Amino acid sequence: MEIRNALLSEIRDYVMTLDILGFKELPLKHISSGILRAGKPDKEPNRETDMLSLQAELGNCMRCPLHKKRKKIVFGEGNLKTRLMFIGNFPGPADDEQGRPFTGRAGDLLTRLINRMGFKREDIYLTTVIKCRPPDNRNPEKDEITTCLPFLQKQIEIISPEVIVTLGSISSSCLLSHDKNIKELRGKFFDYKDSKVMPTFHPSYLLQNADEKWVTWNDAVKVLRLLGIEVIGS
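So for the sequence shown, our numbering puts the first residue at 17; every next one is plus one.
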């Protein structure tokens with residue numbers, strides 16, 4: 017009886033936490049394996065070699081003024097065989113310190129979203145358009161975006177994801193080639209070469225606008241359905 021009550025209490029606390037975060041639907045089960053691309057090893061492209069070559073080409077990049085004040089280049093990380101890729105705008109302060117994308121409070125929130133979708137962070141690939149943090153957290157200049165964008169485009173080409181989730185206006189406009197506000201774009205699928213793109217809010221925005229979390233979850237549910245992953249309540 018004590019074990020049963022403890023389990024019920026844990027489930028209640030879990031559901032209450034999700035409700036506070038604004039999540040209304042959950043995947044039926046943990047399906048990390050379903051997010052990885054299946055294929056015979058002898059027919060798979062050598063993504064790891066290609067990505068390492070691209071990172072070596074980026075090197076200790078000094079192609080634009082952002083290198084002067086950055087601490088670390090934030091290249092990207094994750095599973096190169098994934099069907100799903102998340103792309104943010106540019107590194108935040110914690111990312112700049114660690115050299116990893118989506119760390120700090122915004123990264124924690126994104127990780128929770130990824131977990132609610134039924135995945136682990138290491139199941140997917142995370143990166144940003146800009147690989148160096150702009151000083152004072154300003155938006156990148158047009159020439160800085162132009163300099164970095166080919167590296168992002170090559171990352172997408174190497175991974176060849178079925179779905180790309182763009183987080184924020186900058187990443188969305190870069191891939192979709194227009195300047196519409198993220199509120200106009202989110203919730204709808206667009207095409208980028210052979211991938212479907214779902215624009216949604218950046219987790220740093222959600223930290224200041226908690227009422228938009230349920231909207232972002234709705235966008236995530238659409239992504240799951242497109243990937244053929246069953247969601248409770250669908």
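Where is the CB? At the ideal position from N, CA and C, for every residue including glycine.
It should be emphasised that the depicted structure is a prediction, and the values quoted were computed from it without experimental measurement.
Could you work out which residue in G104, F102, T119 is closest to A110 when comparing CA atoms only?
-> Translated into positions along the sequence shown, residue 110 becomes position 94. Ranking G104, F102, T119 by Cα distance to A110 puts T119 first.
Assign E160 to buried or exposed, taking buried as 16 or more other Cβ atoms, counted over all protein chains shown, within 10 Å of its Cβ.
-> As a position in the sequence shown, residue 160 is number 144, starting the count at 1. It counts as buried.
Is the distance from the Cβ of E113 to the Cβ of K87 below 8 Å?
-> Walking along the sequence shown from the start, residue 113 turns up at place 97. Walking along the sequence shown from the start, residue 87 turns up at place 71. If you check the CB distance, E113 and K87 come in under 8 Å.
So, do the stretch 118-133 and the stretch 205-214 have three or more beta carbon pairs nearer to each other than 8 Å?
-> no
Exposed unless 16 or more other CB atoms sit within 10 angstroms - verdict on T65 | Translated into the one-based positions of the sequence shown, residue 65 becomes position 49. With fewer than 16 other Cβ atoms within 10 Å, it is exposed.
With burial defined as no fewer than 16 other Cβ atoms inside 10 Å of the residue's Cβ, what is the status of Q171: buried or exposed?
-> The count along the sequence shown starts at 1 and reaches residue 171 at position 155. Q171 should be labelled buried.
Relative to the C-alpha of I174, which residue among S69, W233, G50 is closest?
-> Reading the sequence shown from its first residue, position 158 is the one you call residue 174. That would be S69, whose Cα lies nearest to the Cα of I174.
DSSP-derived helix/strand/coil call for I146 = By one-based count along the sequence shown, residue 146 stands at place 130. In the three-state scheme derived from DSSP, where H, G and I count as helix and E and B as strand, I146 is classed as coil.
Between which two residues does the beta strand (DSSP E) harbouring K212 extend?
-> By 1-based counting over the sequence shown, the position of residue 212 is 196. Taken as a continuous stretch (DSSP letters only), the beta strand (DSSP E) holding K212 covers 211-216.
Can you tell me the Cβ-Cβ gap for P117 and G134, rounded? I've got them flagged as a contact below 8 Å.
-> The residue given as residue 117 occupies position 101 in the sequence shown. The residue given as residue 134 occupies position 118 in the sequence shown. Going by Cβ atoms, the distance from P117 to G134 rounds to 21 Å, so no, they are not a contact pair.
Any chain D beta carbon closer than 8 Å to Q169 | Of the protein chains in the structure, only one exists, and it is not chain D.
Pull up the distance between the alpha-carbon of N225 and that of D195, whole angstroms please.
-> Mapped onto the sequence shown, residue 225 falls at position 209. Mapped onto the sequence shown, residue 195 falls at position 179. Roughly 22 Å separates the two Cα atoms.
Are the Cβ atoms of V181 and T216 separated by less than 8 Å?
-> As a first step, residue 181 is located in the sequence shown; it is residue number 165 there, counting from the start. As a first step, residue 216 is located in the sequence shown; it is residue number 200 there, counting from the start. It is a contact, given that the beta carbons lie within the stated cut-off.
Does DSSP put F167 in a helix, a strand or coil?
-> Within the sequence shown, numbered from 1, the residue matching residue 167 stands at position 151. DSSP places F167 in helix when its eight states are reduced to three.
I140 and G94 closer than 8 Å at C-beta = Numbered from 1 along the sequence shown, position 124 holds the residue referred to as residue 140. Numbered from 1 along the sequence shown, position 78 holds the residue referred to as residue 94. For I140 and G94, yes; Cβs fall inside 8 Å.
What are the start and end residues of the alpha helix (DSSP H) that includes V257?
-> Since the first residue of the chain shown is 17 and the last is 250, residue 257 is not available in this structure.
Once you ignore the five residues that flank L168 on each side, which residues in its own chain have a CB closer than 6 Å to its CB?
-> Taking the sequence shown and counting its residues from 1, the one referred to as residue 168 is at position 152. Cβ neighbours of L168 beyond the five flanking positions: V145.
Who pairs with I103 in a beta bridge, going by DSSP?
-> The count along the sequence shown starts at 1 and reaches residue 103 at position 87. In the DSSP output, where bridge partners are listed per residue, I103 has T143, T182.
Consult DSSP for L44 and reduce its assignment to one of helix, strand or coil.
-> Mapped onto the sequence shown, residue 44 falls at position 28. Because the pLDDT of L44 is 45, which lies under 50, any placement of that residue in the model is unreliable, and the number read from its coordinates should be weighed accordingly. Note: L44 maps to coil in three-state DSSP.
Which whole-angstrom value describes the C-beta separation of F102 and P156, a residue pair presumed to lie in contact below a C-beta threshold of 8 Å?
-> To locate residue 102, count along the sequence shown from 1; it is residue 86. To locate residue 156, count along the sequence shown from 1; it is residue 140. 18 Å between Cβ atoms; not a contact.
Under the rule that 16 or more other beta-carbon atoms within 10 Å means buried, what is P150, buried or exposed?
-> Position 134 of the sequence shown, counted from the start, is the residue given in the question as residue 150. That one is buried.
In the DSSP assignment, what are the bridge partners of D207?
-> The count along the sequence shown starts at 1 and reaches residue 207 at position 191. BP columns for D207 point to K212.
What's the call for G75, buried or exposed, on a 16-neighbour Cβ count within 10 Å?
-> Indexing the sequence shown from 1 puts residue 75 at position 59. Flag for G75 reads exposed.
Own chain partners of V231 with C-beta closer than 6 Å, once the 5 adjacent residues on each side are dropped = Position 215 of the sequence shown holds residue 231. Nothing meets the Cβ criterion.
Please classify T98: does DSSP put it in a helix, a strand, or coil?
-> Within the sequence shown, the letter at position 82 stands for residue 98. Three-state DSSP puts T98 in a strand.
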